[in-house]
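Colleague: The listed protein sequences correspond, in order, to chains A and B.
Heads up: the first sequence begins at 6 in my numbering, then just goes up one per residue.
Heads up: the second sequence begins at 5 in my numbering, then just goes up one per residue.
No residue lacks a Cβ here, since even glycine has one placed at the ideal position from N, Cα and C.
Nothing here was measured: the structure is a model prediction, and the numbers come from that model.
Okay, handing you the structure first.
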Amino acid sequence: MNVMVDPNAARKAWMGLLAKAPADDLAQLWTASGLAPDHSLLRAPEIGGVMVRGRAGAVGAPFNLGEMTVTRCSVKLSDGTVGHAYVQGRDKEKARVAALVDGLMQTGSADAIDAQILAPLRKAAATKKTTRSAKAAATKVDFFTMVRGED
Amino acid sequence: MYVAVKGGEKAIDNAHAWLAEERRGDPAVPELSVAQIREQLALSVNRVMAEGSLYDPDLAALAIKQARGDLIEAIFLIRAYRTTLPRFGGSNPVDTDAMACDRRVSATFKDAPGGQVLGPTFDYTHRLLDFKLAADGEVPEGVEAEASQAPTPHIMEFLDREDLIQNEVQGDDTPPDLTRTPLELPADRALRLQSLTRGDEGFILGMAYSTQRGYARNHAFVAELRIGTVDVEMDIPELGFAIDIGEITLTECETVNQFKGSKTEPPQFTRGYGLVFGMTERKAISMALVDRALRWKELGEDNVGAPAQDEEFVLYHADNIQATGFLEHIKLPHYVDFQAELELIRKLRREAQDLQEAAE
């Protein structure tokens, strides 16, 4: 069987997780980890906008829906590894930490970083999603047919 | 005679100071925090994000606080801020099929796969004031059931399989952007949708309502209304691949409309489409109705001269910031213009009087 595996799948997953993580959660986990890797800023944290697009009729031609705020940052660790971040919102520190985590995840300390930072974020995101989904499920309509009387 | 003057700086400063004081209200009442507005006035926040055309709940909440709850003023603040942001790029089109739905209802198919999920809706409430909210802040816990893992496909897919619904045409990956190039007519559907989604809710609602009452009636059914979160993905040049850059809440409405067929099209259903930031269901339904009415030309329908079919009328008057800017500027000093008008009227009256006297 020829299975196409995206070689970037793992990195896409952690970068996406960091982008969507609440800034406070990431800040807390980062502080608790005690990590303070030497690094230089290739691109200082910068706040900007991204034009979000939709499709006409959900499946047709793209159109511009409106913008969202995004903060980006790029860092270089002392061993030369480059970390990037594009995160939702306007928190510059979140972008810097996310870029550092992206850098560290490409080094030998990936497993430790994953356990200390990413795993708790994944868990929190999953819990939040499941809770909303469970509340939505409770509002699902059960139809029942009324017994009709004889005419 | 007109004499040029300047001044008013002190009056303006004092007006702004008083504005700040009035904004705060009675200091004996605790001050609202931005987080409180974001969490407890979420639907105001959603409207400001949608019409301000910038998804950022904290900024929208701040704008509402600064604007003393005047939502159009808050939208103005967001639009002004938006122009200061460098544009990092455009996202890939969001995949609403993969939406994590809080709400999903269909008015056309009772037994749609995924079911009728009501979500946190005002529908079916009795619209009686709840005085308990004025007394204490206690809320009942939301009830949970087993979370569904099943996909929630778009209901339109079922009509599409039978070829009963008009196909959507494909288009450029980079759609035209009215924030970069001034809106020119005729506008294609991408531009119309961008204009409608950021347009004033009241205006779009009024236009949509006019189609229901008979001005370009197009018999809309809500095939599907869904509200929930989607991931936003963008290609990152320095990586060479796309990543999720965030997650946003959207409301999507797809209408299915009767269509008897035309010279070029067989009888089939057609679509109207609404997609709006946040939980903004009235706006999304309105947008879908107006979108459908504006499609008369491409569907080969008759122009019956209804306002909702007139793209120039709809698109040039939908934007509440353009409208309020032009409307409210007339309260600012027009001393010179008015002086000229006054001179003119005096002159005309003099002439009329002279004529009358000559006749006598």
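Is it right to say residue 350/B is buried, meaning 16 or more other beta carbons lie within 10 angstroms of its own, or is it exposed?
Modeller: So residue 350/B ends up on the exposed side.
Colleague: Tell me, please, whether the CB atom of residue 15/A is closer than 9 Å to any CB atom in chain B?
Modeller: Not one chain B Cβ lies under 9 Å of residue 15/A.
Colleague: Between which two residues does the alpha helix (DSSP H) harbouring residue 270/B extend?
Modeller: No alpha helix (DSSP H) contains residue 270/B, which DSSP labels as neither H nor E.
Colleague: For residue 304/B, return the contacting residues in chain A, with the cut-off set at a CB-CB distance below 7 Å.
Modeller: Simply none; closest approach about 18 Å.
Colleague: Just checking: is the beta-carbon of residue 45/A within a distance shorter than 9 Å of some beta-carbon in chain B?
Modeller: Chain B, which has no Cβ nearer than 9 Å to the Cβ of residue 45/A, makes this no.
Colleague: Please list the segments of the beta strand (DSSP E) lying wholly inside the region 200-271 of chain B, counting only runs of 3 or more residues, in order along the chain.
Modeller: Counting whole runs of 3 or more residues, the region 200-271 of chain B contains the beta strand (DSSP E) stretches 224-240 and 245-261.
Colleague: Once you ignore the five residues that flank residue 177/B on each side, which residues in its own chain have a CB closer than 7 Å to its CB?
Modeller: Counting only Cβ-Cβ distances below 7 Å, and skipping sequence neighbours, we find nothing.
Colleague: Does the CB of residue 275/B have a neighbour CB from chain A at under 9 Å?
Modeller: Yes, because at least one Cβ of chain A sits closer than 9 Å to the Cβ of residue 275/B.
Colleague: Does DSSP put residue 93/B in a helix, in a strand, or in coil?
Modeller: Note: residue 93/B maps to strand in three-state DSSP.
Colleague: Is there a Cβ from chain A that is less than 9 Å from the Cβ of residue 173/B?
Modeller: It does; some Cβ of chain A falls within 9 Å.
Colleague: Near residue 264/B, what residues of its chain come up, given a Cβ to Cβ distance below 6 Å and the 5 sequence neighbours on each side ignored?
Modeller: Result list for residue 264/B: 271, in chain order.
Colleague: Tell me whether residue 159/B sits in a helix, a strand or coil according to DSSP, three-state version.
Modeller: Coil at residue 159/B, not helix or strand.
Colleague: By DSSP, does residue 321/B sit in helix, in strand, or in coil?
Modeller: Three-state DSSP puts residue 321/B in a helix.
Colleague: Buried or exposed for residue 300/B, going by 16 or more other Cβ atoms inside 10 Å?
Modeller: Buried, since its Cβ has 16 or more Cβ neighbours within 10 Å.
Colleague: Using a Cβ-Cβ cut-off of 9 Å, state whether residue 120/B counts as contacting chain A.
Modeller: It does: the Cβ of residue 120/B has a partner Cβ on chain A nearer than 9 Å.
Colleague: Taking the beta strand (DSSP E) that residue 76/A falls in, what are its first and last residues?
Modeller: Segment 67-82, the beta strand (DSSP E) holding residue 76/A.
Colleague: Tell me, which residues are paired with residue 93/A by DSSP?
Modeller: Paired residues: 75/A.
Colleague: For the region 69-82 of chain A, which residues have a CB atom closer than 9 Å to at least one CB atom of chain B, in sequence order?
Modeller: So the close ones are 69, 70, 71, 72, 73, 74, 75, 77 and 79.
Colleague: Less than 9 Å between the C-beta atoms of residue 205/B and residue 287/B, yes or no?
Modeller: The answer is yes: Cβ separation under 9 Å.
Colleague: Is residue 111/A close to chain B, meaning its C-beta is less than 9 Å from at least one C-beta of that chain?
Modeller: No, residue 111/A lies away from the interface with chain B (no Cβ there is under 9 Å from its Cβ).
Colleague: Using a Cβ distance threshold of 8 Å, determine whether the region 104-121 of chain B contacts the region 70-78 of chain A, with at least three qualifying pairs required.
Modeller: Verdict: no, contact absent.
Colleague: Applying the criterion that 16 or more other CB atoms from any shown protein chain within 10 Å of the CB defines a buried residue, is residue 29/A buried or exposed?
Modeller: It is exposed - the Cβ of residue 29/A has fewer than 16 other Cβ atoms within 10 Å.
Colleague: Compile a chain-ordered list of the residues in the region 72-105 of chain B whose CB is closer than 8 Å to at least one CB of chain A.
Modeller: So the list reads 86, 89, 90, 91, 92, 93, 94, 95, 96, 97, 98, 100, 101, 104 and 105, given in the order they occur along the chain.
Colleague: Taking CB distances under 9 Å as the criterion, tell me whether residue 107/B reaches chain A.
Modeller: It does: the Cβ of residue 107/B has a partner Cβ on chain A nearer than 9 Å.
Colleague: Chain B partners of residue 67/A, CB-CB under 8 Å?
Modeller: Simply 97, 175, 176, 177, 178, 179 and 194.
Colleague: Pick from 33/B, 51/B and 95/B: whose alpha carbon is nearest that of residue 324/B?
Modeller: That would be 51/B, whose Cα lies nearest to the Cα of residue 324/B.
Colleague: Mind listing the chain A neighbours of residue 149/B? Cutoff is C-beta to C-beta under 9 Å, in chain order.
Modeller: Here the neighbours are 139, 140, 141, 142, 143, 144 and 145.
Colleague: For residue 94/B, collect the residues of the same chain with a Cβ closer than 8 Å to its Cβ; drop the 5 residues on either side in sequence, then sort them by chain order.
Modeller: 178 and 238, listed in sequence order.
Colleague: Taking the CB atoms as reference points, tell me whether residue 19/A and residue 123/A lie closer together than 9 Å.
Modeller: Contact: yes.
Colleague: Between the C-alpha atoms of residue 229/B and residue 198/B, what's the straight-line distance to the nearest angstrom?
Modeller: For residue 229/B and residue 198/B, the distance between alpha carbons rounds to 19 Å.
Colleague: So does the region 56-69 of chain A actually touch the region 88-101 of chain A, counting three or more Cβ pairs closer than 8 Å?
Modeller: No contact exists between the region 56-69 of chain A and the region 88-101 of chain A.
Colleague: Measure from the C-beta of residue 24/A to each C-beta in chain B and report whether the shortest distance is under 9 Å.
Modeller: So yes, residue 24/A belongs to the interface.
Colleague: Mind checking whether residue 289/B and residue 253/B have CB atoms under 9 Å apart?
Modeller: No, the Cβ-Cβ distance between residue 289/B and residue 253/B is not below 9 Å.
Colleague: Exposed or buried, what is residue 77/A when buried is set at 16 or more other beta-carbons lying within 10 Å of its beta-carbon?
Modeller: By the neighbour-count rule (16 or more Cβ atoms within 10 Å), residue 77/A is buried.
Colleague: Please identify the residue among 180/B, 251/B, 283/B and 330/B whose C-alpha is closest to the C-alpha of residue 107/B.
Modeller: The shortest Cα separation from residue 107/B among 180/B, 251/B, 283/B and 330/B belongs to 283/B.
Colleague: How is the alpha helix (DSSP H) around residue 394/B delimited, first residue to last?
Modeller: This structure cannot settle anything about residue 394/B, because the visible part of chain B is limited to 5 through 364.
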